[in-house]
Structures are given as structure tokens and as C-alpha cells.
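S.K.:
In this note's numbering, the protein residues as written are 1 to 158.
1. For residue 56 and residue 26, what's the separation of their Cα atoms in angstroms?
2. Using only the alpha-carbon positions, how far apart do residue 78 and residue 49 sit?
3. Enumerated in chain order, which unbroken segments of the alpha helix (DSSP H) with a length of 4 residues or greater are wholly contained in the stretch 12 to 77?
4. Quick one: is residue 109 buried, meaning 16 or more other Cβ sit within 10 Å of its Cβ, or exposed?
5. Span of the alpha helix (DSSP H) holding residue 157?
6. Does DSSP put residue 130 in a helix, a strand or coil?
7. Counting only the same chain and skipping the five closest in sequence on each side, list residues whose C-beta sits under 8 Å from that of residue 69.
8. Taking all protein chains shown into account, decide if residue 34 is buried (16 or more other Cβ within 10 angstroms of its Cβ) or exposed.
9. Would DSSP call residue 80 helix, strand or coil?
10. Closest to residue 47 by CA distance: which of 98, 17, 151 is it?
11. Just the C-alpha distance for residue 107 and residue 74, rounded to the nearest angstrom, thanks.
12. Our contact map puts residue 64 next to residue 30 with C-beta atoms below 8 Å; I'd like the distance itself, whole angstroms only.
13. Applying the 10 Å Cβ sphere with the 16-neighbour rule, what's the burial state of residue 105?
14. Does the Cβ of residue 156 have 16 or more other Cβ atoms within 10 Å, making it buried, or fewer, making it exposed?
15. By Cβ distance, which residues of its chain are closer than 7 Å to residue 152, with the 5 residues on each side in sequence left out?
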């Protein structure tokens, strides 16, 4: 709701589309942190958070911290510590996996060759599957990704 409202207001104020899209994305994502709880997110959830924020991850950190306001000092300290832990996890994962550059373990050309497909919407669906697999499993390598892809493809065609 907030993201849609922000988009409408910015359009009415005649902001450029790039700014509108950025503000809409940040507004939509900034509340996701509250689902982090006491650090219960899996690595794949943290990867998604970073991927979804994209180039705006630093802005998202600032906005999320600014939105975590309360007069209750204990709650404020807990929220700050929890966000510190999320930022630390992001930093560790980024070092391990270069999160900003995450790509599926196979590219579109390999997918088309493996599955005997032409450029189509199906290739996009396969690439979405491979990206989700990459986010869930972390780096798998070509061989493991190929095996998982072929199993998924066979189950889809059944």
C-alpha cells in the first residue's frame, strides 16, 4: 500500500520514472526487515533481500534504520542490534558469493542447448527456476545445476 501511494504522489509531483521506481522499490522493501526477527532468515532469504534491493541496498539500509523508531529504548537497542546482525550476514555472504553478481549456474544458451529450446518464454521460466535454485542452494556448479535442471524439466513435462 505504501509503495503504491508513494508512486502515485511522485507521479503527481512529476518526478522522473527512475526516481519513482527507486522510491517505490525502497518503500516496498523496507518493511521486509521486520520479518527478520531475531536473525531467523535463511541464507537464501538474505540473498533474495540483497538481490531484490539491487543497487539500492545502501539506501535500503538507511531507510530501514530510520524507520525503526520507538521511544522504548530497549526495543530500539534490540532493533538496532538485529539490523546490525543482518548487515553483518549480508557482508559475510557478499564476501563469500559476490551477491550483487549472482547469476544462475547455467546461462540461456546452455539452457536452450540442453533442453533443445529456441528463445522463448519457456527459456525465461527455466532461467527463473535456475535463479531460485541458485538463491536456495548457493553456488552449485554447472554439473549439479544441469542435473537439477534436467530433473525439474522432466517432472514438469510429466
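Ideal Cβ placement from N, Cα and C applies to all residues, glycine included.
M.R.: Reading off the structure:
1. 8 Å
2. 21 Å
3. 17 to 29, 43 to 53, 57 to 67
4. exposed
5. 142 to 157
6. helix
7. 76
8. exposed
9. helix
10. 98
11. 48 Å
12. 5 Å
13. buried
14. exposed
15. 129
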